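To start, the structure under review is shown below, and the notes come after it.
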Ligand code: NAD
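Numbering (the numbering used here), first residue to last: 257 to 755.
Next up, the structure:
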């Protein structure tokens, strides 16, 4: 059995880690490898390597740090096919989608290549008599990133690229369900010239997460995953005095106004609801047609579009989406479909018990459409995270606007309309962090910042862009005076003012 090891101090750790977890091939259901599950002692080794390397890396001028990122980007591009294949083999998403996962991560690397500019401080000349004030952004020191299974390249790079560019050492704790890609990224970082100990990977579950949250040498923790764990990570990390950003779950709505171009909406929804088997925090699993007529017209167009979707293995170039990540997750999605039915939802297309011929053990779920879902149902309030689209009918704009605004999650939302006023009102008033206007997946570009509201994010700083630079650095403000030798007669016993 292949063993997936940690990547500590420039190589595989070779520890005799007896606790291990299975890594499945979601296409077949077979266990393809075992990942070692670290503990506090494993983390200590990574922290020691980080402590040895970080001061030198922080002292490296930002242009040189950026050059490593430029080389890393080229290496990842050169290894794109291999990485995409590896990613698909553990996650189950189709190869083209894995390429997108890696590419979105590379876009953050491209942003981080501009770190000499992005990390610049501020300077005020003559803030007082003979006094200048300047602020610098210094790295935190050692940071950790705890990442989910659904974007095993993009999310480690959201965090890791900005963390290392700003002069930190970064320890990635990937999902134990698809842990291989972050290890390959660590190897490529090393090949690109990043010093040993600056980008490391420690595998594990709650045991090592708790060790990260309690480790006194780790100053910042970035987390992405489900909301209950995000909240736990935020509380425990913050109680230990760390800076924590913790992104959680989502239930994104797509509002369809009566004037929307329904053919475009259906095409957008098919990808946004079912792409990556719905395992995206920016998927659109809830569509809200405004008015009964819009609902009927939309439903009539959605049904054939969903029937036309092809579910296949992750290497099938014609498949729209592949299997979900584990048997347990498949069972959970199917339970939510049953729950929606029991709550009074109409199962228009039922993806339960879908079997792909020749891959009977694979974790496949067929596309599912559920109509007449309401905000009184548990299946509406909770994240299903599968290829399931729920229709929640709204009589008017205000009702539609209230749905995502009152929902516990506030990650993304989209409105489809030709009416600029409605779109503007919606974007202004909806209590959700990322809004799309005729854009189904409003994932911000790397030089803006990613983050939701409410139970979709704990902490107050978003991922990447200027917010990412803020998260991975702390401000130091220096007030300086270079007297010319004459004694300053100011009253030293009074708080200095610039008056
Ligand atoms: P998860 O919460 O199960 O796992 C996330 C990380 O937490 C993993 O590294 C895992 O090992 C660790 N973990 C799991 N259980 C833990 C515990 N009890 N204590 C401490 N750590 C624990 O999430 P997942 O299933 O891997 O990913 C899917 C979830 O992530 C969905 O809810 C999705 O919406 C969310 N997500 C959110 C965003 C965002 O930016 N808001 C992005 C991607 C995914």
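Just so you know, even glycine gets a beta-carbon here, dropped at the ideal spot from N, CA and C. All of these numbers come straight from a predicted model, not from anything done at the bench.
Item                                                                                                                            : Value
Assigned secondary structure, residue 378 (DSSP; H/G/I helix, E/B strand, else coil)                                            : strand
Own chain, CB closer than 6 Å to residue 708, minus 5 neighbours either side, in chain order                                    : 666, 667 and 689
C-alpha distance - residue 539 paired with residue 671, whole-angstrom precision                                                : 14 Å
Reduced DSSP category for residue 491 - H, G, I as helix; E, B as strand; rest coil                                             : helix
Proximity test, residue 429 beta-carbon vs the ligand NAD heavy atom, cut-off 7 Å                                               : yes
CA-to-CA distance, residue 753 to residue 387, given in whole angstroms                                                         : 11 Å
As assigned by DSSP and simplified to three states, the class of residue 690                                                    : strand
Any non-hydrogen atom of the ligand NAD within 7 Å of residue 280 CB                                                            : no
Span of the beta strand (DSSP E), counted from its first residue to its last, around residue 400                                : 398-402
Segment contact flag, the region 574-582 with the region 544-552, C-beta cutoff 8 Å, min 3 pairs                                : no
Whole-angstrom distance between residue 325 and residue 450, CA atom to CA atom                                                 : 8 Å
Residues that residue 344 bridges to, as DSSP identifies them                                                                   : For residue 344, which the question treats as bridged, DSSP gives no partner whatsoever.
Any non-hydrogen atom of the ligand NAD closer than 7 Å to residue 240 Cβ                                                       : Within the shown structure, residues of the chain are numbered from 257 to 755, placing residue 240 beyond reach of any answer.
Sheet register partners of residue 577 (DSSP bridge)                                                                            : 567
DSSP three-state assignment for residue 710, whether helix, strand or coil                                                      : strand
Proximity test, residue 488 beta-carbon vs the ligand NAD heavy atom, cut-off 7 Å                                               : yes
Collapsed DSSP secondary structure at residue 498 in the structure displayed                                                    : coil
Where the alpha helix (DSSP H) containing residue 455 begins and where it ends                                                  : Where residue 455 is concerned, there is no enclosing alpha helix (DSSP H), although the beta strand (DSSP E) it sits in stretches over 455-457.
Secondary structure of residue 360, DSSP reduced to three states                                                                : helix
Residue range of the unbroken beta strand (DSSP E) whose run includes residue 260                                               : 258-260
Straight-line Cα distance separating residue 362 from residue 338                                                               : 15 Å
Residue 300 versus residue 475: straight-line alpha-carbon distance, rounded                                                    : 14 Å
Segments assigned alpha helix (DSSP H), at least 4 residues, entirely inside the region 440-489                                 : 462-470
Assigned exposure category for residue 378 - 16 Cβ within 10 Å defines buried                                                   : exposed
Which of helix, strand or coil DSSP assigns to residue 418                                                                      : helix
Integer Cβ distance of residue 432 from residue 460, believed to fall under 8 Å                                                 : 7 Å
Helix, strand or coil at residue 427 [DSSP, three-state]                                                                        : strand
Heavy atom of the ligand NAD within 7 Å of residue 369 beta-carbon                                                              : no
Local Cβ density within 10 Å of residue 613, reported as buried at 16 or more and exposed below that                            : exposed
Enclosing beta strand (DSSP E) for residue 326 [first to last residue]                                                          : Element bounds for residue 326: not the beta strand (DSSP E) but the alpha helix (DSSP H), 318-334.
Helix, strand or coil at residue 290 according to DSSP, with G and I counted as helix                                           : strand
Inter-residue spacing [alpha-carbon to alpha-carbon] between residue 348 and residue 394                                        : 39 Å
Cut-off 8 Å between Cβ atoms - residues of its own chain near residue 648, not counting five sequence neighbours on either side : 509, 542, 543, 544, 629, 630, 631, 636 and 659
Neighbour-count burial assignment, residue 471, 16 or more Cβ in a 10 Å radius                                                  : buried
beta-carbon residue 248 near the ligand NAD non-hydrogen atom, thresh 7 Å                                                       : Any property of residue 248 remains undetermined from this structure, which presents the chain solely from 257 to 755.
Spatial distance of residue 404 from residue 411 (CA atoms)                                                                     : 8 Å
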